[in-house]
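Trainee: Below: one structure in structure tokens.
Numbering (the working numbering), first residue to last: 69 to 397.
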């Protein structure tokens, strides 16, 4: 039987099927060549690490530290290894945990890490092959702000004098806007409470500061003692409550300080201006400026925190059920 014996319709179908088969064959060949080409490419080079790393060889029975520098472990470390502002390059064995703050953890092929891996401001590199790790170990990694953390770890005093840049000024303007909005909202929600707190701050500032200082000391000792002596669940609950108290006190106290400072600046600089919003903006801009001055801002932040806590602890709060009870009596 030859092809001419078939009807034209069948011949057309056979021809189309042949064309489709030919296309599929060429497509399969192209995909095969692509896979071969990709597989033939050389593997990506390993992370080189810090060439100036301190080499740890032999057997070390204690924890290895790298303060402001990277460490390269070619021997055996019985405990753990941690680097502040550098990389931890493991080419030998580490029986304990490995951590890097402001750097990366690099595990070479054939190296072993027996404990956990913690990386803050870096990446955990272990190549394509599965690393030699304990199955029960965990890996914690946060890869952001590597350059900033490395710089802070190597130059701790650089925190006191931030670099002037567009990001620096932009964050300060954003802080002014955020605190201005918070101040407007809080003064609109609690005008009488804010007004009484401003008066109390102006009349008894030393008393407020002393109460805030004693309160901060008591809270710090209480939190540390609860974490040390009480069960972990109870200690964590107390710590969360202390954190919430600090946040609420900071927001309330700062708004009061902004309002009091704005009133003082308005009386001495712009006595004709009576806008409450402008007064709040003056106070916010004043304290954001001093919170950005190099070497001074830690003292300013500490003072604001202590004063805010004092204002929160000395504020007079009125509860609704007490009003109802007194009215019924």
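Glycine included, C-beta positions come from ideal geometry on N, C-alpha and C.
When the Cα of residue 315 is compared with those of 256, 261, 377, 352, which residue comes out closest?
Mentor: Start at 1 with the first residue of the chain shown, and residue 315 comes out as number 247. Nearest C-alpha to residue 315: 377.
Trainee: Taking the C-alpha atoms as reference points, what is the distance between residue 353 and residue 347?
Mentor: The count along the chain shown starts at 1 and reaches residue 353 at position 285. The count along the chain shown starts at 1 and reaches residue 347 at position 279. Whole-angstrom Cα-Cα distance: 10 Å.
Trainee: Does the Cβ of residue 178 have 16 or more other Cβ atoms within 10 Å, making it buried, or fewer, making it exposed?
Mentor: As a first step, residue 178 must be located in the chain shown, where it is residue number 110. Residue 178 is exposed by the Cβ-count criterion.
Trainee: Quick check: the Cα distance between residue 113 and residue 228, rounded to an integer number of angstroms?
Mentor: Taking the chain shown and counting its residues from 1, the one referred to as residue 113 is at position 45. Taking the chain shown and counting its residues from 1, the one referred to as residue 228 is at position 160. Any answer about residue 113 is weak, because its pLDDT of 48 lies below 50 and its placement is not dependable; what the coordinates show is given next. Whole-angstrom Cα-Cα distance: 38 Å.
Trainee: To which residues of the same chain is residue 85 closer than 6 Å at the C-beta, ignoring the five residues directly before and after it?
Mentor: The residue you call residue 85 lines up with position 17 of the chain shown. Low local confidence applies: a pLDDT of 49 at residue 85 is under 50, so the model's placement there is unreliable, with the coordinate-based value given in what follows. Result list for residue 85: empty, nothing under 6 Å.
Trainee: To the nearest angstrom, how far is it from the Cα of residue 210 to the Cα of residue 295?
Mentor: Walking along the chain shown from the start, residue 210 turns up at place 142. Walking along the chain shown from the start, residue 295 turns up at place 227. Taking the straight line joining both Cα atoms gives about 26 Å.
Trainee: Span of the beta strand (DSSP E) holding residue 351?
Mentor: Within the chain shown, residue 351 is the residue found at index 283, counting from 1. Element bounds for residue 351: not the beta strand (DSSP E) but the alpha helix (DSSP H), 344 to 358.
Trainee: Can you pull the DSSP bridge partners for residue 130?
Mentor: Your numbering for residue 130 matches position 62 in the chain shown. Partner(s): none; residue 130 has no beta bridge.
Trainee: What is the DSSP secondary structure of residue 364, reduced to helix, strand or coil?
Mentor: Position 296 of the chain shown, counting from 1, holds the residue named residue 364. Residue state, collapsed to three classes: coil.
Trainee: DSSP three-state call for residue 191: helix, strand or coil?
Mentor: On the chain shown, position 123 is the one that residue 191 refers to. DSSP places residue 191 in coil when its eight states are reduced to three.
Trainee: Helix, strand or coil for residue 309, going by three-state DSSP, please let me know.
Mentor: Position 241 of the chain shown, counted from the first residue, corresponds to residue 309. DSSP, reduced to helix, strand and coil, places residue 309 within a helical segment of the structure shown.
Trainee: In this structure, how does DSSP classify residue 272 when only helix, strand and coil are distinguished?
Mentor: Here residue 272 refers to the residue found at position 204 of the chain shown. Correct three-state label for residue 272: coil.
Trainee: Please determine if the segment 281 to 294 and the segment 337 to 347 are in contact, where contact requires at least 3 C-beta pairs separated by less than 8 Å.
Mentor: no
Trainee: Compute the Euclidean distance between the alpha carbons of residue 379 and residue 329, then round it to the nearest angstrom.
Mentor: Against the chain shown, residue 379 aligns to sequence position 311. Against the chain shown, residue 329 aligns to sequence position 261. Approximately 15 Å, taken between the alpha carbons.
Trainee: Quick check on this structure: which residue in 287, 297, 268 has the alpha carbon closest to the alpha carbon of residue 321?
Mentor: Here residue 321 refers to the residue found at position 253 of the chain shown. With respect to the C-alpha of residue 321, the residue from 287, 297, 268 having the closest C-alpha is 268.
Trainee: Would you mind working out which of 170, 175, 276 sits nearest residue 214, comparing C-alpha positions?
Mentor: For the purposes of this step, residue 214 is taken as residue 146 along the chain shown, with counting starting at 1. It is 170 whose Cα lies nearest to the Cα of residue 214.
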